[in-house]
Amino acid sequence: ALLDSSYLVALLDGTDVWHKRARAIAEALDTLSIASVVSDCVINEVAIVLARRCRDKGRNAAAALRELLDRFPPHELTYLYPEIRRMMEPALSLMAATDGRLSFHDALLGLSAREMGTGLIVTFDLDFTALEWLRVVSKPEDLHPPQGVREGPAPREFPAPAAARRKRKTPEKRSRT
Numbered sequence: 821a822l823l824d825s826s827y828l829v830a831l832l833d834g835t836d837v838w839h840k841r842a843r844a845i846a847e848a849l850d851t852l853s854i855a856s857v858v859s860d861c862v863i864n865e866v867a868i869v870l871a872r873r874c875r876d877k878g879r880n881a882a883a884a885l886r887e888l889l890d891r892f893p894p895h896e897l898t899y900l901y902p903e904i905r906r907m908m909e910p911a912l913s914l915m916a917a918t919d920g921r922l923s924f925h926d927a928l929l930g931l932s933a934r935e936m937g938t939g940l941i942v943t944f945d946l947d948f949t950a951l952e953w954l955r956v957v958s959k960p961e962d963l964h965p966p967q968g969v970r971e972g973p974a975p976r977e978f979p980a981p982a983a984a985r986r987k988r989k990t991p992e993k994r995s996r997t
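Quick note on this note's numbering: the sequence shown kicks off at 821 and runs consecutively.
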């Protein structure tokens, strides 16, 4: 499952309105041993939001950003930015097809999910429901496929380092067994 910025922000920010639900999803991902993919563009968005929230609320941004880096080290990320040259036109076309509902990063993430064969995205951004190839997970029970629907093949790797596929101690990164 791809992890979107709205989910990760909620998971990392204990004051976020979706924090409790994000923790429940993290526990379900762990229990079900569902592999998670975190991209560089998602970490970019999460860092921006966390730093801004810390600044606005008088909290320590450096500590929040250190926690982000500790939980999602660079060698475990999937790097999508190197693919922008190739995916620029399709991402902009997808933005246009959704009448701008999807941001560029969301379009890039959605297209990458399709290329990876990843059918799940963990997010609180319901604009992703416009993408027919993705099943949006916004609560733990969404991790179970609808009755009568078979899960697709295991996702193929898309430019992720080998270290990203190992099982992590945190609930955000899981390997499929």
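Built from N, CA and C at the ideal position, the CB exists for glycine as well.
Bear in mind that the values here come from a model prediction, so they are computed numbers and not experimental data.
Do you know how far the Cα of Y827 is from the Cα of A844?
-> Along the sequence shown, one-based indexing puts residue 844 at 24. Along the sequence shown, one-based indexing puts residue 827 at 7. About 11 Å.
Coarse secondary structure for V956, derived from DSSP in three states | Counting from one through the sequence shown, the residue named residue 956 turns up at place 136. The answer is strand: DSSP assigns V956 an E or B state.
Is it the case that the Cβ atoms of W838 and A830 are separated by a distance below 7 Å?
-> As a position in the sequence shown, residue 838 is number 18, starting the count at 1. As a position in the sequence shown, residue 830 is number 10, starting the count at 1. Yes; because the gap between Cβ atoms is below 7 Å, this pair is in contact.
Just tell me which of V857, L870, D833 has its CA closest to the CA of Q936.
-> One-based indexing of the sequence shown puts residue 936 at position 116. In the sequence as presented, Gln is not what sits at residue 936; that position holds Met. Minimum Cα distance to M936 is reached at V857.
One or two residues paired with I941 in a DSSP bridge | The residue labelled residue 941 in the question sits at position 121 within the sequence shown. I941 is bridged to L822, V956.
Return the CA-CA distance between A916 and T943, expressed in angstroms with no decimal places.
-> Your numbering for residue 916 matches position 96 in the sequence shown. Your numbering for residue 943 matches position 123 in the sequence shown. Between A916 and T943, the C-alpha separation is close to 21 Å.
Beta carbon of D945 nearer than 7 Å to that of Y899 | Against the sequence shown, residue 945 aligns to sequence position 125. Against the sequence shown, residue 899 aligns to sequence position 79. Taking 7 Å as the Cβ cut-off, D945 and Y899 do not qualify as a contacting pair.
Assigned exposure category for G930 - 16 Cβ within 10 Å defines buried = By one-based count along the sequence shown, residue 930 stands at place 110. G930 should be labelled buried.
E896 and L832 look like a contact to me (Cβ under 8 Å); what is the Cβ gap, rounded to whole Å?
-> Position 76 of the sequence shown, counted from the start, is the residue given in the question as residue 896. Position 12 of the sequence shown, counted from the start, is the residue given in the question as residue 832. Wrong, their Cβ atoms sit about 16 Å apart, outside the cutoff.
Residue interval of the alpha helix (DSSP H) (run including A871) | Walking along the sequence shown from the start, residue 871 turns up at place 51. It spans 860-877 - the alpha helix (DSSP H) in which A871 sits, taken as one unbroken run.
Which same chain residues, not among the five before or five after S958, have their C-beta less than 6 Å away from its C-beta?
-> To locate residue 958, count along the sequence shown from 1; it is residue 138. Contacts found: F944.
Are L940 and R921 close, meaning C-beta to C-beta below 7 Å?
-> Here residue 940 refers to the residue found at position 120 of the sequence shown. Here residue 921 refers to the residue found at position 101 of the sequence shown. Not in contact: L940 and R921 (Cβ atoms no closer than 7 Å).
In the structure shown, what three-state DSSP assignment does V857 receive?
-> Taking the sequence shown and counting its residues from 1, one reaches residue 857 at position 37. In this structure, V857 counts as strand in the three-state DSSP scheme.
With A927 and A911 assumed to form a contact (beta carbons below 8 Å), what rounded beta-carbon distance in angstroms separates them?
-> The count along the sequence shown starts at 1 and reaches residue 927 at position 107. The count along the sequence shown starts at 1 and reaches residue 911 at position 91. A927 to A911, Cβ: 4 Å. Contact.
Please say whether L852 and L963 have beta carbons closer to each other than 7 Å?
-> Counting from 1 along the sequence shown, the entry for residue 963 is found at position 143. Counting from 1 along the sequence shown, the entry for residue 852 is found at position 32. Yes, Cβ-Cβ distance for L963 and L852 is below 7 Å.
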